[in-house]
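Step one of this worksheet: look at the structure below.
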Amino acid sequence: MAEKRVVVLGLARQGMALARFLVQAGAEVTVSDLQDEAVLADRLAELAGLPIRYVLGEHPSSLLDRADLLCLSGGVSLDTPIVLEAQQRSIPLSNDAQLFLERCPAPVIGITGSAGKTTTTALVGEMCRVAGLSTWVGGNIGNPLIADLGRMGPDDWGVMELSSFQLEVMTVSPHVAAVLNITPNHLDRHETMEAYVAAKRNIVAHQGAGDFALLGYDDANARSLALDTAAHLLWFSCGAEVDEGAFKTNGELTLRLGDTLGPSQGGVDRAICQASEVRLRGRHNLLNVLAACALAGVVGVPVEAMRQVATTFTGVEHRLELVRELNGVRWYDDSIATAPERSVAALRSFEEPIVLLAGGRDKNLPWDGFAEETAQRVRQVITFGEAGPMIARVVEEKLAGGQGGRAAGG
Numbered sequence: 000m001a002e003k004r005v006v007v008l009g010l011a012r013q014g015m016a017l018a019r020f021l022v023q024a025g026a027e028v029t030v031s032d033l034q035d036e037a038v039l040a041d042r043l044a045e046l047a048g049l050p051i052r053y054v055l056g057e058h059p060s061s062l063l064d065r066a067d068l069l070c071l072s073g074g075v076s077l078d079t080p081i082v083l084e085a086q087q088r089s090i091p092l093s094n095d096a097q098l099f100l101e102r103c104p105a106p107v108i109g110i111t112g113s114a115g116k117t118t119t120t121a122l123v124g125e126m127c128r129v130a131g132l133s134t135w136v137g138g139n140i141g142n143p144l145i146a147d148l149g150r151m152g153p154d155d156w157g158v159m160e161l162s163s164f165q166l167e168v169m170t171v172s173p174h175v176a177a178v179l180n181i182t183p184n185h186l187d188r189h190e191t192m193e194a195y196v197a198a199k200r201n202i203v204a205h206q207g208a209g210d211f212a213l214l215g216y217d218d219a220n221a222r223s224l225a226l227d228t229a230a231h232l233l234w235f236s237c238g239a240e241v242d243e244g245a246f247k248t249n250g251e252l253t254l255r256l257g258d259t260l261g262p263s264q265g266g267v268d269r270a271i272c273q274a275s276e277v278r279l280r281g282r283h284n285l286l287n288v289l290a291a292c293a294l295a296g297v298v299g300v301p302v303e304a305m306r307q308v309a310t311t312f313t314g315v316e317h318r319l320e321l322v323r324e325l326n327g328v329r330w331y332d333d334s335i336a337t338a339p340e341r342s343v344a345a346l347r348s349f350e351e352p353i354v355l356l357a358g359g360r361d362k363n364l365p366w367d368g369f370a371e372e373t374a375q376r377v378r379q380v381i382t383f384g385e386a387g388p389m390i391a392r393v394v395e396e397k398l399a400g401g402q403g404g405r406a407a408g409g
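Using numbering that gives the first Met the number 0, read the sequence shown as starting at 0 and increasing by one per residue.
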């Protein structure tokens with residue numbers, strides 16, 4: 000990387016980490032952002048003193064005239080004109096995750112999925128910590144791991160959440176990769192479901208025979224990626240007894256790993272815990288726990304550590320998080336659920352009467368399943384934001400054909 004001329008597009012969290020890393024690596028760094036200096040003042044102050052050239056308020060074509068590499072922050076689409084021009088000029092694209100995986104001295108567990116990846120990443124990290132492993136947790140979960148690269152060693156483990164935005168440009172896969180599920184999401188960015196699946200595919204597409212891929216057996220799109228990897232396959236399921244991985248049968252979570260992983264881990268089924276002992280609510284969270292146990296098993300985490308975490312872990316902020324109980328009413332924050340399928344999974348976690356607050360921005364996703372589940376399970380829907388009128392309409396249309404609660408615009 001020394002003496003390479005690198006352009007970083009976007010000065011958000013990933014762009015900041017990229018700029019620091021590239022300067023330390025000896026690159027000649029230019030950062031460009033569509034926002035102006037006044038808006039970016041705080042971020043620019045954090046980078047003060049570093050030898051960085053800034054081009055703000057626009058992404059002019061001249062940025063590419065001397066560029067050896069174009070690095071993208073997560074919010075920068077491949078359809079951005081300057082990115083398209085870079086591809087036409089055969090200038091390679093990269094991002095913080097790609098640079099990290101190319102240079103990390105430690106083996107890395109990479110986790111993606113339309114839902115559950117942050118919770119699963121946190122679970123795996125905690126299981127490794129309880130087992131006494133030196134573990135670095137980050138990525139899309141909040142802290143770019145490229146910032147920790149200089150402190151990591153070959154005896155450590157990296158646990159990395161990867162989004163479709165990061166994966167769409169990547170040409171390297173982690174040693175252990177997990178695809179939890181793939182349901183419609185971010186179609187405002189990827190435009191088609193095929194393009195979205197293709198981005199997710201990159202987490203396993205570049206693996207070799209010595210790597211491991213864990214796929215969600217209960218999700219058809221995730222299951223289909225078995226054809227796209229050369230890695231050793233593992234599965235997790237709430238409905239099937241898989242050949243190798245983790246599964247739930249008769250109310251019990253079971254780990255089943257083959258002899259590939261050695262006598263300490265493979266060759267025999269191991270009971271993790273009863274499903275009723277898991278602190279997290281909902282079937283979707285049982286799947287997250289199963290995925291985490293399978294991944295932790297690959298690393299060599301003892302079942303006792305998995306059990307301790309599975310039965311005590313209470314969740315991550317904004318993910319079906321209990322925030323208050325007053326006069327017999329429990330308030331849950333599930334604001335991370337920005338796709339209809341995620342809200343459906345949350346609704347299915349409750350037997351109690353539900354009042355649902357739903358809104359935000361529409362990402363051009365299908366809402367039929369959400370409307371049907373809401374009509375069946377929810378006593379009242381209060382809508383708000385840009386997507387509020389649309390949500391109220393689809394729920395009311397579903398109610399017109401049957402019975403259920405009622406929608407109220409906000």
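We put the CB at the ideal spot given by N, CA and C, even for glycine.
Counting the other Cβ atoms within 10 Å of the Cβ of E385 gives fewer than 16, which makes it exposed.
If you look at D367, you'll find it in the alpha helix (DSSP H) that goes 367-376. Taking 8 Å as the cut-off, the Cβ atoms of A309 and C292 count as close.
Bounds of the beta strand (DSSP E) holding V28 are 27-32. Going by DSSP, I202 is part of the alpha helix (DSSP H) stretching over 192-204. Taking C-beta atoms as the reference points, L68 and V5 count as a pair closer than 8 Å. Proximity of the stretch 40-49 to the stretch 111-125 falls short of the contact definition, fewer than three beta-carbon pairs being nearer than 8 Å. Between the alpha carbons of L233 and S72 lies a gap of roughly 31 Å.
Just measuring C-alpha positions, the residue of G48, P80, L46 sitting nearest S61 is P80. In this structure, the beta-carbon distance from N94 to Q13 falls below 8 Å. Burial is judged here by how many other beta carbons sit within 10 angstroms of a residue's own beta carbon; L224 has at least 16 and is buried.
A198 is positioned such that its CB atom lies closer than 8 Å to that of E167.
Residue environment: L49 is assigned as exposed (fewer than 16 neighbouring CB atoms within 10 Å of its CB, all protein chains considered). For the pair of segments examined, the stretch 235-246 was found not to touch the stretch 143-154: the number of CB pairs separated by less than 8 Å stays below three. F99 and V196 have their C-alpha atoms some 23 Å from each other.
Check the Cα spacing between D32 and each of L46, L8, V267: the tightest is with L8. Per DSSP, C272 is one residue of the beta strand (DSSP E) stretching across 268-273.
The beta carbon of K247 sits closer than 7 Å to those of C237, A274, L285, L289, all from its chain and outside the five residues before and after it, given in chain order. Rounded to the nearest angstrom, the Cβ distance from I110 to A194 is 21 Å, too far for a contact under 8 Å. Taking a contact to require three or more Cβ pairs closer than 8 Å, the stretch 339-358 and the stretch 380-395 qualify as touching. The bridge partners DSSP lists for Q86 come to none. A straight-line Cα-Cα distance of about 14 Å links T119 and G281. Judged by beta-carbon spacing, V123 lies within the 8 Å limit of L294, meaning their Cβ atoms are closer than that value. S342 sits buried, since 16 or more C-beta atoms from the chains shown fall within 10 Å of its C-beta.
Look at L232 here: in three-state DSSP terms it is strand. Excluding sequence positions up to five before and after Q165, its CB lies within less than 7 Å of the CB of G73, N94, A96, N139, all in the same chain and listed in chain order. Of the candidates A105, D64, P104, D64 places its Cα closest to the Cα of Q87. Counting along the chain, the unbroken alpha helix (DSSP H) around R392 starts and ends at 387-399. Secondary structure note for F20: its alpha helix (DSSP H) is the uninterrupted segment 12-23. For F211, DSSP records a beta bridge to V175, H231.
When the Cα atoms are used, H205 and A221 turn out to be separated by approximately 16 Å.
8 Å or more divides the Cβ of G149 from the Cβ of W135. Contact between G368 and P339 holds: their C-beta atoms lie close to 6 Å from each other, under 8 Å. When DSSP reads this structure, T248 sits in a beta bridge with E251. A208 counts as exposed, since fewer than 16 other beta carbons sit within 10 angstroms of its beta carbon. Leaving aside the five residues that flank S133 on each side, the residues in its chain whose CB is nearer than 8 Å to its CB run, in chain order, G152, D154, D155, W156.
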